[in-house]
Every structure is written in structure tokens, then in C-alpha cells.
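Asks: First the structure, then my questions, so here it is.
Residue numbers (the UniProt record's numbering): 1 to 205.
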């Protein structure tokens, strides 16, 4: 059964986060000017359960509806526009889990989110690649899998606990999604995003 939150009391929901948004806004200009990564604001949001907004209340989350999530992201963007962008892959992954059948695997992800863990993006191939070309490879090994590749525009990955990686199996040539812990040996994240504006979204290599 899929889980689609129909919403909660928005005023109470927003009241829980507006003090954090105020703290975030106070340092936003300095962070942007000095290129200071918003690691502390991300931590404040994680500790407050911002990443669990869409998880139903019966599963331990806030039970926000999609319109309510959008409204809160707009309020957060008014404080620091980098942060909703940095969190977009996380909320997309949460939404995907909400639309999955009930399973032990889905419950494991919910528990991770409730523990404050976030998911970042790893979909865009680096360099001049053709449409549909995937250079990142997943190879079966004895007792597991090996992921090899390099991604860019990896929004939010710099702050995430997991990276949602689009790859291609080396044995079957089928496209797959691999969820990789950022603490896994061999995972390297670089702050080399050089876009104009929203420079702190963690969208680098």
C-alpha cells in the first residue's frame, strides 16, 4: 500500500520550523559571499526532522501534504535559497518511497530518515556525453556489487548520507539505481560547483 499524506495543521507545522529559518537567514548573505558551506543550517534542519516532512504521522513523520511541503520550502528559500535546492533530491527520493508498496525495505528507509539521514543526487554524467549515454557502471562481485563512475551536478550530495546514483549494469547493460552510503570506501565528494548563484547547493563532483 502506498502512503500519501493528506496534510496536517500548517500553522503548527510552520511554527516548528520558522525559528530555524530565522537563524538560517541571519548568516545566509555571509555564507554566500564567503562561500561557507551551510553545513550547520543543514544540521539544524536534520535535527528538527525537516527531512521527514512527508512521512505520515503514523510512521513517525510530520505528515505534511505536498502543498504544505512546497509552502515550507518557499519559506526556507526566503531564508537561504541554496537549501531547498540542496534538499530536492532527498524529497524526491522520499516521495518515491511513499509510492512504493509496504515493505521492510521501505520501513528501513523511513527509519533512516527519522534518524536524520538525507539523500543526495548522483544522476548526471560528467563531461560531454550523448543523450542516454551512461558511463557509470555497476558490476556484480563476489558477495556484492562494485560501482564505478563520476557524476556532476550532484545536488545535495555534499550534505547527504546517501547518494541516489543512476548507473548501468556491466553484465546486462540494463539501467539501475544504486543507493550508496557517503561513508562507503571509495566515495569522494568535491565542492567544485562553479555555477552563478546558489553556489552552496553541493552540486559538484
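Where is the CB? At the ideal position from N, CA and C, for every residue including glycine. Since the model is a prediction, treat every value here as computed from it, not as a measurement.
Scan the segment 8-59 and note each continuous alpha helix (DSSP H) run of 4 residues or more that stays entirely inside, going in chain order.
Replies: As far as the segment 8-59 is concerned, its whole alpha helix (DSSP H) runs of at least 4 residues are 10-26, 28-34, 39-47.
Asks: Taking the beta strand (DSSP E) that residue 138 belongs to, which residues open and close that run?
Replies: It spans 137-141 - the beta strand (DSSP E) in which residue 138 sits, taken as one unbroken run.
Asks: Since I believe residue 95 is in contact with residue 137 (beta carbons under 8 Å), could you give me their beta-carbon distance rounded to a whole number of angstroms?
Replies: With 8 Å as the limit, residue 137 and residue 95 do not qualify as a contact, their Cβ atoms being about 27 Å apart.
Asks: Less than 9 Å between the beta carbons of residue 159 and residue 39, yes or no?
Replies: Cβ atoms of residue 159 and residue 39: closer than 9 Å.
Asks: In three-state DSSP terms, what is residue 189?
Replies: In this structure, residue 189 counts as coil in the three-state DSSP scheme.
Asks: Ends of the alpha helix (DSSP H) at residue 107?
Replies: From DSSP, the alpha helix (DSSP H) with residue 107 extends over 104-114.
Asks: Assuming contact is defined by CB atoms lying nearer than 9 Å, are residue 97 and residue 7 in contact in what I supplied?
Replies: No, they are not a contact pair.
Asks: Take residue 127 as the anchor and find which of 152, 119, 24, 176 has the nearest alpha-carbon.
Replies: When only C-alpha atoms are compared, the closest one is 152.
Asks: Using 8 Å as the threshold, is the segment 162-178 in touch with the segment 131-146, meaning 3 or more CB pairs across them?
Replies: Yes: at least three Cβ pairs fall under 8 Å.
Asks: Would residue 64 and residue 13 be called neighbours here (beta carbons separated by less than 9 Å)?
Replies: Result yes, Cβ atoms of residue 64 and residue 13 sit closer than 9 Å.
Asks: Which word fits residue 22, buried or exposed, when buried means at least 16 other C-beta atoms lie within 10 angstroms of its C-beta?
Replies: Residue 22 should be labelled exposed.
Asks: Hey, out of 108, 205, 118, 139, whose CA is closest to residue 174's CA?
Replies: Residue 139 is the option with its Cα nearest to residue 174.
Asks: With respect to the beta strand (DSSP E) encompassing residue 181, which residues constitute its N-terminal and C-terminal limits?
Replies: From DSSP, the beta strand (DSSP E) with residue 181 extends over 175-181.
Asks: Terminal residues of the continuous beta strand (DSSP E) containing residue 134?
Replies: Neither: residue 134 is in no beta strand (DSSP E) and is coded neither H nor E.
Asks: Residue 74 and residue 48 look like a contact to me (Cβ under 8 Å); what is the Cβ gap, rounded to whole Å?
Replies: Incorrect: roughly 17 Å between the Cβ atoms, too far for contact.
Asks: Residue 76 and residue 83 look like a contact to me (Cβ under 8 Å); what is the Cβ gap, rounded to whole Å?
Replies: At roughly 5 Å, the Cβ-Cβ gap stays under 8 Å, so residue 76 and residue 83 are in contact.
Asks: Spatial neighbours of residue 10 within its chain, please: C-beta separation below 6 Å, excluding the five flanking residues on both sides.
Replies: Excluding positions up to five away in sequence, the list reads 68.
Asks: So, are the CB atoms of residue 195 and residue 37 less than 9 Å apart?
Replies: Cβ atoms of residue 195 and residue 37: not closer than 9 Å.
Asks: Assuming residue 166 is part of the beta strand (DSSP E), what are its boundary residues?
Replies: Start and end: 162-169.
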